[in-house]
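Trainee:
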Amino acid sequence: MIKSNKIEEMEITISNVLKLGVLLSAVIIFIGLSMFLITGKSGYSGNYYPTNPLEILKGLILFKSYSIILTGLLILILTPVFRVGVSIIVFFQEKDFLYVKITSLVFIILLISFILGKIE
Amino acid sequence: MVLVAFQILVLSVIAGIFGSILGLGGGIIITPALTLLFGIDIRYAIGASIISVIATSSGAAVAYVRDKITNMRIGMFLEIATTIGAITGAFVSGLIDTKYLYVIFGILLLYSALAMLKKRSKELPEGVVAHPIANKLKLNGEYHDKVLNKDIIYNVTGVYGGFGMMYVAGVISGLLGIGSGMFKVMAMDLFMKLPLKVSSATSNFMIGVTAAASAGVYLLRGDIDPKISAPVALGVLIGATIGAKIMENLRSKTIRMIFIPVLAFVSIQMIIKGLGVKL
Numbered sequence: 039m040i041k042s043n044k045i046e047e048m049e050i051t052i053s054n055v056l057k058l059g060v061l062l063s064a065v066i067i068f069i070g071l072s073m074f075l076i077t078g079k080s081g082y083s084g085n086y087y088p089t090n091p092l093e094i095l096k097g098l099i100l101f102k103s104y105s106i107i108l109t110g111l112l113i114l115i116l117t118p119v120f121r122v123g124v125s126i127i128v129f130f131q132e133k134d135f136l137y138v139k140i141t142s143l144v145f146i147i148l149l150i151s152f153i154l155g156k157i158e
Numbered sequence: 008m009v010l011v012a013f014q015i016l017v018l019s020v021i022a023g024i025f026g027s028i029l030g031l032g033g034g035i036i037i038t039p040a041l042t043l044l045f046g047i048d049i050r051y052a053i054g055a056s057i058i059s060v061i062a063t064s065s066g067a068a069v070a071y072v073r074d075k076i077t078n079m080r081i082g083m084f085l086e087i088a089t090t091i092g093a094i095t096g097a098f099v100s101g102l103i104d105t106k107y108l109y110v111i112f113g114i115l116l117l118y119s120a121l122a123m124l125k126k127r128s129k130e131l132p133e134g135v136v137a138h139p140i141a142n143k144l145k146l147n148g149e150y151h152d153k154v155l156n157k158d159i160i161y162n163v164t165g166v167y168g169g170f171g172m173m174y175v176a177g178v179i180s181g182l183l184g185i186g187s188g189m190f191k192v193m194a195m196d197l198f199m200k201l202p203l204k205v206s207s208a209t210s211n212f213m214i215g216v217t218a219a220a221s222a223g224v225y226l227l228r229g230d231i232d233p234k235i236s237a238p239v240a241l242g243v244l245i246g247a248t249i250g251a252k253i254m255e256n257l258r259s260k261t262i263r264m265i266f267i268p269v270l271a272f273v274s275i276q277m278i279i280k281g282l283g284v285k286l
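As given, the protein sequences belong to chains A and B, one line each in that order.
Mapped onto the numbering used here, the consecutive letters of the first sequence carry residue numbers 39 to 158.
Mapped onto the numbering used here, the consecutive letters of the second sequence carry residue numbers 8 to 286.
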């Protein structure tokens, strides 16, 4: 009984983290897109848009609509990663060490594939 | 500009609904629609479709995780096979002629469409004996089915076959760049004999994780155009939220009847592409 309660807690925690991430990204993308469509200005010349996180962050501070959109998209991209990360913590709390290992392995493989992709 | 953005948004809502019900991610709708209907360069269409996969996954997950349809343990366990497969696929991609792969996997998908067709009258898997590894890894689970209005307890079998198929799914997505959601649902449905809703929701979870790993690369490469990806992301998020609610209230039989023609269509498309027939 106690165990199933813990699992339930875990699912609620993960669901809440996801909901927060998804809502936050949706609101930010919506603001950025509205700004772009209303003003017609992307904040950059021509069809250019930033492609790395640092440049996006710089544009965000300057309220450039494209950078606001990309910030929202970045948050969206990170939600599954957060989900895996939070799962490691929750499995740890559950003392399910086998799944702490399995989930950590997935997390490491994800990082490796990200780095490999970057080199490519 | 506003009109185009709105049209993309509406299209994305539909893609999100289908993607979340079937556990496929919506890329199969987004990519061809953006290129054929809107004349968008394939590069940006694929970038937007990666965003749509993540949006489907995370948008639907809020409901699926809360209602415990997603089996997190199965998802994590199988994710090892998929991610390693994806890396393998990326490495061998220059060495293999993908022409034949399209044909081989197209036939494999077509075969699984037939296998699914045989199961069409069954609402839930019956008489599944848990594999010893499934017991050890605590893969067996339960969820509340809203339509049947009861808690469904299920066993998991074919762990090796499912794991192997997931590896293949990863290799294919790394090699051909096509959504492996279909192979994931197939592996869980045909090999591991999970209830279809669990297969779909768990696939939904997994495709998001895998897509997130490659999304970074697409972003850095400049394939994610904000004016295209923004309406896609918003539309798919709305669609996936609606789709998740619809899926929970559908019978597995109904979901299967939507799944089979999609499967058949994509498999034939792959075979045609592999054979180099221009339409």
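Glycine included, every Cβ here is placed at the ideal spot set by N, Cα and C.
#1: Closer than 7 Å by beta-carbon distance: list the chain B residues that pair up with residue 49 (chain A), in chain order.
#2: At a CB-CB cut-off below 7 Å, which residues of chain A make contact with residue 86 (chain B)?
#3: Once DSSP output is grouped into helix, strand and coil, what is the label at residue 76 (chain B)?
#4: Can you name the residues that DSSP bridges to residue 158 (chain B)?
#5: Just how far apart, CA to CA, sit residue 50 (chain B) and residue 284 (chain B)?
#6: Please list the partners that residue 97 (chain A) has in chain B, where partner means a Cβ-to-Cβ separation under 8 Å.
#7: Have a look at B:11, B:28, B:16 and B:13 and flag the residue whose alpha-carbon is nearest the alpha-carbon of residue 249 (chain B).
#8: Enumerate in chain order the residues of its own chain whose CB-to-CB distance from residue 40 (chain A) is below 8 Å, with the five nearest sequence positions on each side excluded.
#9: In whole angstroms, give me the CA-to-CA distance for residue 275 (chain B) and residue 46 (chain A).
#10: Establish whether the CB of residue 114 (chain A) and some CB of chain B are separated by less than 8 Å.
#11: Using a 10 Å radius around the Cβ and a threshold of 16 neighbouring Cβ atoms, would you call residue 86 (chain A) buried or exposed?
#12: Look up residue 164 (chain B) in the DSSP assignment and say whether it is helix, strand or coil.
#13: Beta-carbon of residue 140 (chain A) versus every beta-carbon of chain B: anything under 8 Å?
#14: Using a C-beta cutoff of 8 Å, does residue 41 (chain B) count as contacting chain A?
#15: With C-beta atoms as the reference, is residue 154 (chain A) less than 8 Å away from residue 97 (chain B)?
#16: What residues in the stretch 56-68 of chain A have a beta carbon less than 8 Å from any beta carbon of chain B?
#17: Rank B:141, B:183, B:260 and B:225 by C-alpha distance to the C-alpha of residue 278 (chain B) and give the top, closest one.
#18: With a CB to CB cut of under 6 Å and the five nearest residues on each side skipped, what residues in its chain are close to residue 174 (chain B)?
#19: When you compare the CB of residue 40 (chain A) with every CB in chain B, is at least one pair closer than 8 Å?
#20: In this structure, how does DSSP classify residue 196 (chain B) when only helix, strand and coil are distinguished?
#21: Please say whether residue 213 (chain B) and residue 85 (chain B) have beta carbons closer to each other than 8 Å?
#22: Excluding sequence positions up to five away, which residues of its chain have a Cβ less than 7 Å from the Cβ of residue 106 (chain A)?
#23: Quick one, are the C-beta atoms of residue 252 (chain B) and residue 151 (chain B) less than 8 Å apart?
#24: For residue 60 (chain B), which residues in the same chain have their Cβ closer than 6 Å to its Cβ, ignoring the five residues on either side in sequence?
#25: On the three-pair Cβ rule with 8 Å, is the stretch 220-239 of chain B touching the stretch 144-153 of chain A?
#26: Using three-state DSSP, classify residue 133 (chain B) as helix, strand or coil.
#27: Closer than 8 Å between beta carbons: that is the criterion. Which residues of the stretch 104-133 of chain A meet it against chain B?
#28: Please name the residues in the stretch 230-258 of chain B whose beta-carbon is closer than 8 Å to at least one beta-carbon of chain A, in chain order.
#29: Hey, is residue 110 (chain B) close to the ligand FAD, as in C-beta under 7 Å from one of its heavy atoms?
#30: Any idea what DSSP makes of residue 229 (chain B), helix, strand or coil?
#31: Excluding five sequence neighbours on each side, which residues of the same chain lie with their C-beta closer than 7 Å to the C-beta of residue 258 (chain B)?
#32: Counting contacts by CB-CB distance shorter than 8 Å, is residue 205 (chain B) in contact with chain A?
#33: Please identify, using Cβ separations under 8 Å, the residues of the stretch 79-103 of chain B that lie next to chain A, in order along the chain.
#34: With distances taken Cα to Cα, identify the nearest neighbour of residue 181 (chain B) among B:158, B:198 and B:94.
#35: So the alpha helix (DSSP H) residue 16 (chain B) belongs to, where does it begin and stop?
#36: Quick check on DSSP: helix, strand or coil for residue 101 (chain A)?
Mentor: Result, derived from the coordinates:
#1: Indexing the first sequence from 1 puts residue 49 (chain A) at position 11. The answer, in chain order, is 72, 73 and 75.
#2: Here residue 86 (chain B) corresponds to residue number 79 of the second sequence, with the count starting at 1. Near residue 86 (chain B) (Cβ distances below 7 Å), the residues of chain A are 144.
#3: Locating residue 76 (chain B) in the second sequence gives position 69, counting from the first residue. Of the three classes helix, strand and coil, the one that applies to residue 76 (chain B) here is coil, per DSSP.
#4: For the purposes of this step, residue 158 (chain B) is taken as residue 151 along the second sequence, with counting starting at 1. B:151.
#5: On the second sequence, position 43 is the one that residue 50 (chain B) refers to. On the second sequence, position 277 is the one that residue 284 (chain B) refers to. So the alpha carbons of these two residues sit roughly 22 Å apart.
#6: Taking the first sequence and counting its residues from 1, one reaches residue 97 (chain A) at position 59. The premise fails here: residue 97 (chain A) is roughly 10 Å from chain B at the closest Cβ pair, so nothing lies under 8 Å.
#7: For the purposes of this step, residue 249 (chain B) is taken as the residue at position 242 of the second sequence. Here the closest residue by C-alpha is B:28.
#8: Indexing the first sequence from 1 puts residue 40 (chain A) at position 2. The predicted position of residue 40 (chain A) is uncertain, since its pLDDT is 46 and thus under 50; a value taken from the coordinates is nonetheless stated next. Closer than 8 Å at Cβ, skipping near neighbours: no residue.
#9: Position 268 of the second sequence, counting from 1, holds the residue named residue 275 (chain B). Position 8 of the first sequence, counting from 1, holds the residue named residue 46 (chain A). Roughly 42 Å separates the two Cα atoms.
#10: Counting from one through the first sequence, the residue named residue 114 (chain A) turns up at place 76. For residue 114 (chain A), the answer is yes, since a Cβ of chain B falls inside 8 Å of its Cβ.
#11: Residue mapping note: residue 86 (chain A) aligns to position 48 of the first sequence, counting from 1. Under this definition residue 86 (chain A) is an exposed residue.
#12: The residue given as residue 164 (chain B) occupies position 157 in the second sequence. Here residue 164 (chain B) sits in coil by DSSP.
#13: Taking the first residue of the first sequence as position 1, residue 140 (chain A) is located at position 102. Taking Cβ atoms only, chain B reaches closer than 8 Å to residue 140 (chain A), which makes this a yes.
#14: Along the second sequence, one-based indexing puts residue 41 (chain B) at 34. No, its Cβ sits nowhere closer than 8 Å to a Cβ of chain A.
#15: Within the first sequence, residue 154 (chain A) is the residue found at index 116, counting from 1. Within the second sequence, residue 97 (chain B) is the residue found at index 90, counting from 1. Taking 8 Å as the Cβ cut-off, residue 154 (chain A) and residue 97 (chain B) qualify as a contacting pair.
#16: 56, 57, 59, 60, 63, 64, 67 and 68
#17: Taking the second sequence and counting its residues from 1, one reaches residue 278 (chain B) at position 271. For the residues B:141, B:183, B:260 and B:225, the minimum Cα distance to residue 278 (chain B) belongs to B:183.
#18: Position 167 of the second sequence, counted from the start, is the residue given in the question as residue 174 (chain B). So the qualifying residues of the chain are 88 and 92.
#19: As a first step, residue 40 (chain A) must be located in the first sequence, where it is residue number 2. Confidence in residue 40 (chain A) is poor, its pLDDT being 46 and thus under 50, which makes the residue's placement too unreliable to answer from.
#20: Here residue 196 (chain B) corresponds to residue number 189 of the second sequence, with the count starting at 1. In this structure, residue 196 (chain B) counts as helix in the three-state DSSP scheme.
#21: The sequence position of residue 85 (chain B) within the second sequence is 78, counting from 1. The sequence position of residue 213 (chain B) within the second sequence is 206, counting from 1. In contact: residue 85 (chain B) and residue 213 (chain B) (Cβ atoms closer than 8 Å).
#22: Along the first sequence, one-based indexing puts residue 106 (chain A) at 68. Same-chain partners within the cutoff: 66, 69, 70, 73 and 98.
#23: Within the second sequence, the letter at position 245 stands for residue 252 (chain B). Within the second sequence, the letter at position 144 stands for residue 151 (chain B). No, they are not a contact pair.
#24: The count along the second sequence starts at 1 and reaches residue 60 (chain B) at position 53. Counting only Cβ-Cβ distances below 6 Å, and skipping sequence neighbours, we find 32, 34, 214 and 218.
#25: yes
#26: Sequence index remark: in the second sequence, residue 133 (chain B) carries index 126 (1-based). Residue state, collapsed to three classes: coil.
#27: 104, 107, 108, 110, 111, 112, 114, 115, 116, 117, 118, 119, 121, 122 and 125
#28: 231, 232, 233, 234, 236, 237, 238, 240, 241 and 244
#29: Among the components modelled here there is no ligand, and therefore nothing to report on the ligand FAD.
#30: Along the second sequence, read from residue 1 onward, the residue named residue 229 (chain B) stands at position 222. DSSP places residue 229 (chain B) in coil when its eight states are reduced to three.
#31: Residue numbering aside, residue 258 (chain B) sits at position 251 when the second sequence is read from its first letter. For residue 258 (chain B), where only same-chain residues beyond five positions count, the Cβ hits under 7 Å are 130 and 154.
#32: For the purposes of this step, residue 205 (chain B) is taken as the residue at position 198 of the second sequence. Answer no: the Cβ-Cβ gap between residue 205 (chain B) and chain A never drops below 8 Å.
#33: 79, 80, 83, 84, 86, 87, 90, 91, 93, 94 and 97
#34: Along the second sequence, read from residue 1 onward, the residue named residue 181 (chain B) stands at position 174. Residue B:94 is the option with its Cα nearest to residue 181 (chain B).
#35: The residue you call residue 16 (chain B) lines up with position 9 of the second sequence. 9-29 is the span of the alpha helix (DSSP H), which, as asked, contains residue 16 (chain B).
#36: On the first sequence, residue 101 (chain A) is found 63 positions in, with the first residue counted as 1. It is coil, neither helix nor strand.
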